[in-house]
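Chemist:
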Amino acid sequence: MALSPMDVAQADTARADVPRGEVPPAEAAQADAAEADAAPADVAQADVAQADVVQMGSARVATGNAALAARVLSEVRSARLSGGRASLAPRPVIEQSWERLLRRGVDPDRGVDAGLLPPDEVRRRRETSPLRHVLPVLRESLLTVADAAQHIMVVADDEGRVLWREGSLPVLRKADGLGFEVGADWREDIVGTNGVGTAAVTRRPVQVFAAEHFVHTHATWTCAGAPITDPRDGRLIGVVDVSGPLETMHPATLSWVSSVAKLAEATLRELHARTLEGLRAVAAPVLARIDGPALAVDRNGWTAAVTGMPYTPRIGLPASPSPGPRWLPALGPCTLEPLADGWLVRAGGTPEPGGATRIELDLAQPRRPRVRVSGGAGAWAHELSPRHAELLYLLALRRTGRSAAGLAEDMFGDPARTVTVRAEMSRVRRYLGGLLEHRPYRFCEAAEVEVLLPADPRDLLPHSTGPVVTEQRRVSAPAGGV
Numbered sequence: 048m049a050l051s052p053m054d055v056a057q058a059d060t061a062r063a064d065v066p067r068g069e070v071p072p073a074e075a076a077q078a079d080a081a082e083a084d085a086a087p088a089d090v091a092q093a094d095v096a097q098a099d100v101v102q103m104g105s106a107r108v109a110t111g112n113a114a115l116a117a118r119v120l121s122e123v124r125s126a127r128l129s130g131g132r133a134s135l136a137p138r139p140v141i142e143q144s145w146e147r148l149l150r151r152g153v154d155p156d157r158g159v160d161a162g163l164l165p166p167d168e169v170r171r172r173r174e175t176s177p178l179r180h181v182l183p184v185l186r187e188s189l190l191t192v193a194d195a196a197q198h199i200m201v202v203a204d205d206e207g208r209v210l211w212r213e214g215s216l217p218v219l220r221k222a223d224g225l226g227f228e229v230g231a232d233w234r235e236d237i238v239g240t241n242g243v244g245t246a247a248v249t250r251r252p253v254q255v256f257a258a259e260h261f262v263h264t265h266a267t268w269t270c271a272g273a274p275i276t277d278p279r280d281g282r283l284i285g286v287v288d289v290s291g292p293l294e295t296m297h298p299a300t301l302s303w304v305s306s307v308a309k310l311a312e313a314t315l316r317e318l319h320a321r322t323l324e325g326l327r328a329v330a331a332p333v334l335a336r337i338d339g340p341a342l343a344v345d346r347n348g349w350t351a352a353v354t355g356m357p358y359t360p361r362i363g364l365p366a367s368p369s370p371g372p373r374w375l376p377a378l379g380p381c382t383l384e385p386l387a388d389g390w391l392v393r394a395g396g397t398p399e400p401g402g403a404t405r406i407e408l409d410l411a412q413p414r415r416p417r418v419r420v421s422g423g424a425g426a427w428a429h430e431l432s433p434r435h436a437e438l439l440y441l442l443a444l445r446r447t448g449r450s451a452a453g454l455a456e457d458m459f460g461d462p463a464r465t466v467t468v469r470a471e472m473s474r475v476r477r478y479l480g481g482l483l484e485h486r487p488y489r490f491c492e493a494a495e496v497e498v499l500l501p502a503d504p505r506d507l508l509p510h511s512t513g514p515v516v517t518e519q520r521r522v523s524a525p526a527g528g529v
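Numbering of the sequence shown is given in the numbering used here, commencing with residue 48 and proceeding in unit increments.
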């Protein structure tokens with residue numbers, strides 16, 4: 048059975064420190080070779096009384112000899128990438144990553160320069176990423192220790208783009224030298240084997256040590272990353288990573304990061320449960336008026352409330368659901384109606400008489416704008432922020448639709464502010480869902496839209512300084528008004 052490079056490093060450094068009668072760590076490493084897929088630092092320090100030795104997956108390496116382990120790994124990498132046969136085998140997760148990169152023709156000397164995202168795009172991704180909900184958990188669990196241990200915490204989205212990067216200032220400066228910056232593309236096929244990109248590809252926690260990095264400029268670095276998935280649908284939403292210089296490697300780092308990623312997912316589950324509770328409160332009076340089987344589900348099909356039929360935790364929805372008759376695998380013919388942050392699903396597919404959806408944008412009370420949605424089953428309402436009220440007002444004025452640039456010009460007098468518009472429209476769609484369409488942004492054709500204006504036109508959306516609202520106030524104001 049082939050030994051990993053870590054075994055050799057240990058054999059060269061730790062044998063002399065083992066008391067008589069104890070099994071040398073390098074020999075014990077052979078018994079652990081079945082664990083070769085584990086990252087090199089996935090367990091806590093081994094209980095070896097006289098030798099300062101740590102358990103590292105399939106190998107035991109003296110903690111003071113990380114540099115020697117790195118040299119051995121460098122020799123293995125050089126042999127493998129030059130097409131020769133390495134005397135020692137890389138860990139399977141690393142070898143498979145190298146093979147993927149060689150097939151794709153990634154340059155092991157410098158990777159691929161994908162450039163940084165512009166700041167406004169980073170801001171947009173931060174504002175729309177579900178990772179923003181778990182940042183407090185990640186910071187509390189990782190940053191205090193990371194700073195003391197000369198590490199940094201990195202949070203990347205599902206596309207491998209670095210959205211947050213915090214921790215030790217000296218280590219942040221070293222990361223800058225690697226291009227490991229906010230907005231950087233850290234996918235595996237861009238920068239080679241690494242704790243962010245490889246964890247995203249394999250969908251499991253990964254530690255990459257020294258020359259296990261495919262791109263040689265990262266060989267002085269060590270990182271441990273774990274994927275974070277959305278508990279609602281299982282999709283990858285990002286990766287959390289702890290990185291630092293080679294000498295800061297600790298045997299428990301990967302277990303630590305993996306546990307924090309699981310804690311983040313638990314936080315997302317709690318948030319989803321609270322969201323379902325809110326939808327249940329909105330749905331209860333609506334369902335009470337329905338004669339027949341129906342259920343209220345969120346945008347992912349998770350059930351919040353049900354009437355007239357057995358409870359089922361989740362139903363499959365179309366990829367892009369919209370109001371009207373539909374066929375669902377679990378229920379057959381149905382009718383979908385927007386309901387707050389989800390859908391009212393009526394089994395049987397028979398709409399209520401007069402069930403056309405009506406949207407009432409109530410701006411009559413300047414300080415309390417609201418939107419009310421009514422259909423065949425009942426009605427629900429949502430209080431609006433000033434910016435959301437302005438967006439919906441602009442869409443009501445232009446029923447044929449408006450592009451992001453057009454809305455930016457209407458709101459700010461600057462068509463370049465599309466990032467802000469897209470982020471806000473994403474938030475509006477969370478509660479209006481299928482009632483809004485995009486490309487261009489507009490209310491759906493099936494909906495009736497009515498706007499209730501304040502008695503004095505000068506009170507229209509008082510927070511707004513946008514050119515369209517300002518003009519509407521002016522042209523509607525009474526003659527001679529002050």
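The beta-carbon is built from N, C-alpha and C at its ideal position, and this holds for glycine as well.
Since we're looking at a predicted model, the values are computed, not measured.
Distance check for I406 and S176, CA to CA, integer angstroms please.
Modeler: 28 Å
Chemist: Counting only the same chain and skipping the five closest in sequence on each side, list residues whose C-beta sits under 6 Å from that of G355.
Modeler: G339 and P340
Chemist: What three-state label does DSSP hand S129 in the structure shown?
Modeler: coil
Chemist: Could you spell out where the beta strand (DSSP E) holding P385 opens and where it closes?
Modeler: G379 to L386
Chemist: Would you list the residues sitting across from W233 in a DSSP beta bridge?
Modeler: Beta bridge pairing from DSSP links W233 with no other residue.
Chemist: Excluding five sequence neighbours on each side, which residues of the same chain lie with their C-beta closer than 7 Å to the C-beta of L283?
Modeler: D205, A247, R250, P274 and T276
Chemist: Taking E420 as the reference, give the member of R414, G371, L482 and A266 with the closest Cα.
Modeler: Reading the sequence as shown, one finds Val at residue 420 and not Glu. The residue with the shortest Cα to Cα distance from V420 is L482.
Chemist: Starting from the Cα of W211, find the closest Cα among F227, Q197, A196 and K221 and give me that residue.
Modeler: Answer by Cα proximity: F227.
Chemist: CA-CA distance, R521 and R157?
Modeler: 59 Å
Chemist: Rounded to whole angstroms, what's the CA-CA distance from P370 to E324? Just pull it up for me.
Modeler: 23 Å
Chemist: Just reading off the beta strand (DSSP E) that I530 is part of, what are its end residues?
Modeler: Because the chain spans 48 through 529 in this model, residue 530 falls outside it and cannot be assessed.
Chemist: Would you call the CB atoms of L598 and A351 closer than 7 Å?
Modeler: Only positions 48 to 529 of the chain appear in this structure, which leaves residue 598 out of reach.
Chemist: Does the count of Cβ pairs from the segment 504 to 523 and the segment 428 to 441 closer than 8 Å reach three?
Modeler: yes
Chemist: Classify E312 as buried or exposed, calling it buried when 16 or more other Cβ atoms lie within 10 Å of its own Cβ.
Modeler: buried
Chemist: By the three-class DSSP mapping on this structure, what secondary structure does L508 have?
Modeler: Coil at L508, not helix or strand.
Chemist: For R486, count neighbouring Cβ atoms within 10 angstroms of its own Cβ and tell me buried if that reaches 16, exposed if not.
Modeler: With fewer than 16 Cβ atoms within 10 Å of its Cβ, R486 is classed as exposed.
Chemist: DSSP has W374 in a bridge; who is on the other side?
Modeler: The secondary-structure analysis by DSSP pairs W374 across a beta bridge with P380.
Chemist: Would you kindly report the start and end of the unbroken beta strand (DSSP E) that includes L499?
Modeler: Counting along the chain, the unbroken beta strand (DSSP E) around L499 starts and ends at E495 to L499.
Chemist: Compare the C-alpha of T359 against each of V253, T264, Y488 and G348 and name the closest.
Modeler: G348
Chemist: Work out the CA separation of T322 and A463 for me, nearest whole Å.
Modeler: Between A463 and T322, the C-alpha separation is close to 34 Å.
Chemist: What's the call for P137, buried or exposed, on a 16-neighbour Cβ count within 10 Å?
Modeler: buried
Chemist: Just tell me which of S144, V140 and L120 has its CA closest to the CA of A133.
Modeler: Closest by C-alpha distance to A133, out of S144, V140 and L120, is L120.
Chemist: I'd like the span of the beta strand (DSSP E) that includes Q254, first residue to last.
Modeler: V253 to F256
Chemist: By how many angstroms is the C-alpha of P433 removed from the C-alpha of H510?
Modeler: 7 Å
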